[in-house]
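Before any comments, here is the structure.
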Amino acid sequence: AQRVTQPEKLLSVFKGAPVELKCNYSYSGSPELFWYVQYSRQRLQLLLRHISRESIKGFTADLNKGETSFHLKKPFAQEEDSAMYYCALARSGGYQKVTFGTGTKLQVIP
Amino acid sequence: DVKVTQSSRYLVKRTGEKVFLECVQDMDHENMFWYRQDPGLGLRLIYFSYDVKMKEKGDIPEGYSVSREKKERFSLILESASTNQTSMYLCASRSWGDGYTFGSGTRLTVV
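Protein chains in written order, with the numbering used here: chain A, 42 to 151; chain B, 340 to 450.
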């Protein structure tokens, strides 16, 4: 079974401080990992995925297979980063079922 | 701009009613999904479909069914609505190897 754990329900940081949103997963195969973001009153949208290795809005995430983690990081938080963040895992191949974590609300304090 | 459209933004239904939630995508995606989103529980998969007339149960299918008669349309059906089905329902579609595109959600209240 695949499982995604986001241990923090709420993360508060000051503007300009570094951000790290934690995500751990369990899956016996080779996973695809994603981060999705939901800004207030907007739809969920894809932020980044590990296979593209992109940096979106200053966020990066590295897949660590040894620690089964995919933490989301940003060196300097901005107020507009305040949102709900979901880590997600998909099986490689197969029917593309995606499992989401319970989400972390990031609050950037001015 | 690619779109996943959910027909209703807010819906109020009575206990025992049969409820239809509609979702349409214009991206020719093979895969479509229904999730419910609840505070503290994240997104939980109800059903998904990887092709027309094909469906698979997700993690919480009880009390729900789905229909996919055309590639672009995926309907979620609550056979007999109950108060514990009050939630935000999210539809998503995905092409093989891509991320999800989500609809804006339907907030269903069952009274």
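For each residue, glycine too, the CB sits at the ideal point set by N, CA and C.
For residue 381 (chain B), the enclosing beta strand (DSSP E) stretches over residues 381-388.
For residue 148 (chain A), the closest Cβ of chain B is not nearer than 8 Å.
Around residue 382 (chain B), the beta-carbon contacts reaching into chain A at under 7 Å are 127, 141.
Only those residues of the stretch 84-107 of chain A whose C-beta falls short of 8 Å from the nearest C-beta of chain B are listed: 84, 85, 86, 87, 90. In this structure, residue 147 (chain A) lies near residue 123 (chain A), with their beta-carbon atoms less than 8 Å apart. Within the stretch 347-362 of chain B, not one residue has a Cβ closer than 8 Å to any Cβ of chain A. Taking the beta carbon of residue 413 (chain B) as reference, no residue of chain A falls within 7 Å; the closest one sits roughly 14 Å away.
B:382 is the residue among B:382, B:352, B:355 whose C-alpha sits nearest the C-alpha of residue 439 (chain B).
Listed by position along chain B, the residues whose Cβ is nearer than 9 Å to that of residue 111 (chain A) form an empty set, because the closest Cβ is around 14 Å away. Interface residue (Cβ-Cβ distance to chain B less than 8 Å): residue 138 (chain A) is classified as such.
In this structure, the alpha-carbon of residue 76 (chain A) lies about 6 Å from that of residue 127 (chain A). If you check each beta-carbon in the stretch 64-79 of chain A against every beta-carbon of chain B, the ones closer than 9 Å belong to 73, 75, 77, 79. When DSSP states are grouped into helix, strand and coil, residue 148 (chain A) belongs to the strand group.
Taking a contact as a CB-CB distance under 8 Å, the pair residue 62 (chain A) and residue 113 (chain A) counts as one, their CB atoms being some 4 Å apart. Note on geometry: alpha-carbon atoms of residue 403 (chain B) and residue 417 (chain B) lie some 5 Å from one another. Listed along chain B are 379, each with a C-beta nearer than 8 Å to that of residue 50 (chain A). Restricting attention to B:437, B:388, B:401, B:423, the CA atom closest to the CA of residue 414 (chain B) is found in B:388.
Of the other Cβ atoms in all chains shown, fewer than 16 fall within 10 Å of the Cβ of residue 55 (chain A); this residue is therefore exposed. Using beta-carbon distances, residue 57 (chain A) does not count as an interface residue toward chain B, since no partner is under 8 Å. With respect to chain A, the C-beta atom of residue 447 (chain B) has no partner C-beta closer than 8 Å. Boundaries of the beta strand (DSSP E) around residue 372 (chain B): 370-377. Note on geometry: alpha-carbon atoms of residue 96 (chain A) and residue 69 (chain A) lie some 27 Å from one another. Per the C-alpha coordinates, the member of A:59, A:57, A:67, A:60 positioned closest to residue 46 (chain A) is A:67.
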